[in-house]
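**Student:**
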Amino acid sequence: MQQARKAIDLALQLAESCHSSYLKALPEVRRLWNAAFFKKFVIKDKRVEETPYQEPFATIFGGSDKTTLVAGAEFEPATSGFNI
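Under my numbering, the first residue of the sequence shown carries the number 2, and numbering increases by one thereafter.
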């Protein structure tokens, strides 16, 4: 639990100052920042369409995904999701 808390604290510290640090950084350092925060960039029609986060940022900033919380239907009817 302590190790997880330290990882989350570090991720939040990086996130707080990343914008200003990114703007000041050299291109090589920006590439490292991109790799640390994002899995990939999806570009369509010269626009960024999708930027999935790396962990632990995906968990921290990703929000809720109720579809992963509800199992598929078998004998019982499917639920529409949890009321969270």
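Think of the CB as a built atom: it goes at the ideal place given N, C-alpha and C, for glycine as much as any other residue.
It should be emphasised that the depicted structure is a prediction, and the values quoted were computed from it without experimental measurement.
1. Tell me whether F62 is buried or exposed, calling it buried when 16 or more other Cβ atoms sit within 10 Å of its Cβ.
2. Are the CB atoms of F42 and F58 within a distance shorter than 7 Å?
3. For the beta strand (DSSP E) that contains K45, what are its first and last residues?
4. Which residues share a DSSP beta bridge with E51?
5. Residues in the same chain with beta-carbon distance under 7 Å from W34, minus the five sequence neighbours each way, listed in chain order, please.
**Tutor:** The relevant details are as follows:
1. Position 61 of the sequence shown, counting from 1, holds the residue named residue 62. With fewer than 16 Cβ atoms within 10 Å of its Cβ, F62 is classed as exposed.
2. As a working note, residue 58 is residue 57 in the sequence shown. As a working note, residue 42 is residue 41 in the sequence shown. Cβ distance not < 7 Å, so F58 and F42 don't count as in contact.
3. Working through the sequence shown from its first residue, we reach residue 45 at position 44. From DSSP, the beta strand (DSSP E) with K45 extends over 43-45.
4. Your numbering for residue 51 matches position 50 in the sequence shown. Its beta-bridge partners are V43.
5. Walking along the sequence shown from the start, residue 34 turns up at place 33. Around W34: C19, Y23, A26.
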